[in-house]
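Working notes, structure below.
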Amino acid sequence: MTYNFIDNAIASATSPPPFDIPCLHFMEAGLALAHSQISKGPVKPKFSGMLCGIYLLEEKIEGGNGAFTKYIHNMDYEPMMSAGMNGYDIVEFLVFTQHIQYCKTGGLSIISDYQGSRMLLTDPQILTDLLVFSVGSGADVFSKGNLESTVTLFEKHHECNWFCKWPGFGLKQFGSLVTSGHESSAL
């Protein structure tokens with residue numbers, strides 16, 4: 086959804102954006118099931134082909150110990166790094182993707198708890214306001230990490246950055262402060 090929105094907006098714009106669009110993806114994952122083997126010897130398993138193990142397999146995050154970064158926590162709207170730090174362009178892009186997700190889902194949902202490497206993201210948290218989502222307060226839709234207030238207060242606390250403000254995306258500006266580049270100014 087996010088990259089489709091970005092690609093369509095750039096294709097329709099009169100000029101390209103004055104910044105690069107990071108190419109990120111969530112890690113590939115899958116389940117591996119181990120089944121018992123049929124024995125050819127004198128003692129055979131009681132049930133051949135019985136499930137005896139389940140393993141979660143994930144892509145490896147390359148780059149050593151310093152490769153893993155927590156970009157945005159699910160309890161906060163602020164990036165977990167400061168302007169000028171290595172990876173700040175990625176965190177600002179991820180803040181922008183939340184803006185797109187919020188708008189494209191009609192204010193129902195965003196992805197948060199962004200973490201991973203420069204190109205590979207892992208273990209996100211889907212956030213939704215359960216009352217808006219018509220499921221009722223207290224339902225455990227996306228686990229206990231689903232903090233309703235993060236979605237409910239998104240328009241008030243999200244701070245638009247240079248990605249959000251690019252006219253080619255046509256996004257409504259949110260927040261009490263709108264950032265331009267790495268500097269803030271009041272609306």
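For the sequence shown, my numbering gives the first residue as 86, with consecutive numbering after it. The beta carbon of each residue, even a glycine, is placed where N, CA and C say it ideally should be. Predicted model, so just to flag it, every value in this text is computed and none were measured.
In the displayed model, residue 111 falls within a strand according to three-state DSSP. Ranked by how close their Cα comes to the Cα of residue 157, the residues 135, 122, 195, 254 have 195 in first place. Cβ atoms of residue 197 and residue 153 stay farther apart than 8 Å, at about 17 Å.
In the DSSP assignment, residue 183 falls within the unbroken alpha helix (DSSP H) covering 173-189.
Scanning its chain for C-beta atoms nearer than 7 Å, with the 5 sequence neighbours on each side dropped, one finds around residue 246 the residues 177, 180, 181, 264, in chain order. DSSP places residue 162 in the coil class of the three-state scheme, outside both helix and strand. DSSP, read as helix, strand or coil, puts residue 140 in strand. DSSP places residue 91 within a helical segment (H, G or I) once states are collapsed to three. When the Cα atoms are used, residue 192 and residue 239 turn out to be separated by approximately 8 Å.
Of the other Cβ atoms in all chains shown, fewer than 16 fall within 10 Å of the Cβ of residue 104; this residue is therefore exposed.
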